[in-house]
Amino acid sequence: MSVLQRDPQDMLRVLDESGEPVGEVPDLSDEELVDMYREMRLARHFDTRAVSLQRQGRMGTYPPLSGQEGAQIGSAFALDEEDWMFPSYREHGAALHRGLPLKRTLLYWMGHEKGNAIPDDVNIFPVAVPIATQIPHATGAAWAKKLRGEDAAVVSYFGDGATSEGDFHEGLNFAGVFDTPNVFFCNNNQWAISVPRERQTASQTLAQKATAYGFEGVQVDGMDPLAVYAATRAAVEKAKDPDEDELRPTLIEAVQYRFGAHTTADDPSVYRDDDEVAEWRKKDPIPRLERFLRETGRLDDEAVESIESWTEERVATAIEEAESELRPEPEEMFTHLYEELPPELREQMAEFEALYEKHGAEAFLRE
Ligand SMILES: Cc1ncc(C[n+]2csc(CCOP(=O)(O)OP(=O)(O)O)c2C)c(N)n1
Ligand SMILES: [Mg+2]
1 MSVLQRDPQD MLRVLDESGE PVGEVPDLSD EELVDMYREM RLARHFDTRA VSLQRQGRMG
61 TYPPLSGQEG AQIGSAFALD EEDWMFPSYR EHGAALHRGL PLKRTLLYWM GHEKGNAIPD
121 DVNIFPVAVP IATQIPHATG AAWAKKLRGE DAAVVSYFGD GATSEGDFHE GLNFAGVFDT
181 PNVFFCNNNQ WAISVPRERQ TASQTLAQKA TAYGFEGVQV DGMDPLAVYA ATRAAVEKAK
241 DPDEDELRPT LIEAVQYRFG AHTTADDPSV YRDDDEVAEW RKKDPIPRLE RFLRETGRLD
301 DEAVESIESW TEERVATAIE EAESELRPEP EEMFTHLYEE LPPELREQMA EFEALYEKHG
361 AEAFLRE
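With the first letter of the sequence shown counted as 1, position 90 gets the number 90 in full-length UniProt numbering; the numbers rise by one all the way through.
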């Protein structure tokens, strides 16, 4: 029986908090399992460095992902080459697995348009900052895949807060009716900035919302990368090759926690207790997978050390590359949205140019 065929309130688990298997370990090679760990370590290290760059004034703003590596890397691992990813603004780890260079992610958060230029061979849509807007986009893209007879699944990522938006309902409802190859991946990290999960919905789970749209919804331990992989893999396979009595879409609710602030512009200590954070830190996906890999003889001190130096080097190189790009000119903020600027933006640009001429570059560019 598929791991998706379960009560949406019965959370799927593979590893417990100490890394002991409590469910069926998915069929991944030793190398793949170690790579999963390696990428989670890379995402964590990237995150730590990115927050510190922002604090040093070297980056505009940044949404941290620490705590969410299991959900991001575990799910991204489950995609095939031809599949597509529609991210929110926090999916740096998932995007990294898909082949988006770290340098691009850094440039994006440094306010550089080049950060938005996704390489042609990387099947990822640009970051969506407006909450839930990527969900109907993903449904549309999946519908297009189906109409063209292309065998690909479309995974969209969004938060618990996004489930309160109309776009969430519209995207999932349409997907059910048109039976599109979508995987709706909800990162329930317990908070939408300062709004707790309980204030989003009176439903017991977010996964159960799928029942109303007519397809499967599964709750998974989002800090257990192997459970996340198992659920996402089953959903991706079903999206492309459903049984006769199955609908293609799935809603996955990955239950997890963000250890850090919502973004570097947020101070979580004003709305949540340190005790809560400490409780969730015990579920940290990285030591959990590490213990499992060590216990099963797939990882040792030497391998961990080499992974650590590899992550440090890769992140340092990406930072160097991103910082060596020329800073964008301020008027570039007008130049990339439209082929032809609409009149009100033309006016704003002219106004900006006049101010720039009057006050000079120093007034606009901080060094
Ligand atoms: C349409 C829209 N409304 C409000 C905002 C402001 N905003 C940015 S992030 C956020 C909270 C989103 O929470 P959630 O969906 O749980 O995602 P998380 O940040 O926790 O990953 C809000 C309200 C926005 N970006 N877009
Ligand atoms: Mg959230």
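Backbone N, C-alpha and C define an ideal beta-carbon position, used for all residues, glycine too.
- Taking C-beta separations shorter than 6 Å and ignoring five residues to either side along the sequence, the partners of M11 in its chain run Q219 and D221, following chain order.
- Distance from the CA atom of T264 to the CA atom of E320, rounded to whole angstroms, is 21 Å.
- Under the 8 Å Cβ criterion, the region 308-316 counts as touching the region 42-59, having at least three qualifying pairs.
- Straight through space, the alpha carbons of D83 and R346 are spaced by roughly 38 Å.
- Cβ atoms of P285 and K240 stay farther apart than 8 Å, at about 27 Å.
- Look at the beta carbons and you see the region 31-40 not touching the region 56-67: under three pairs across the two are nearer than 8 Å.
- Put simply, of G67, P119 and E357 the residue whose alpha carbon is nearest the alpha carbon of P330 is E357.
- In the three-state DSSP reduction, D221 falls in the strand class (E or B).
- For S306, the uninterrupted alpha helix (DSSP H) run begins and ends at D301 to E323, by DSSP.
- The alpha-carbon separation between A50 and M59 amounts to approximately 8 Å.
- Pairing V183 with V155 gives a Cβ-Cβ distance under 8 Å.
- For a cut-off of 8 Å, the C-beta gap from L147 to K209 is around 26 Å, too long to register as a contact.
- Remark: C-beta atoms of Q134 and F158 approach each other more closely than 8 Å.
- Those residues that bring their Cβ nearer than 6 Å to a heavy atom of ligand 2 are G159, D160, G161, N189, W191 and A192.
- For I73, the shortest separation between its Cβ and any heavy atom of ligand 1 does not lie below 7 Å.
- Each residue's CA atom was taken as its position, placing V277 and Y213 some 34 Å apart.
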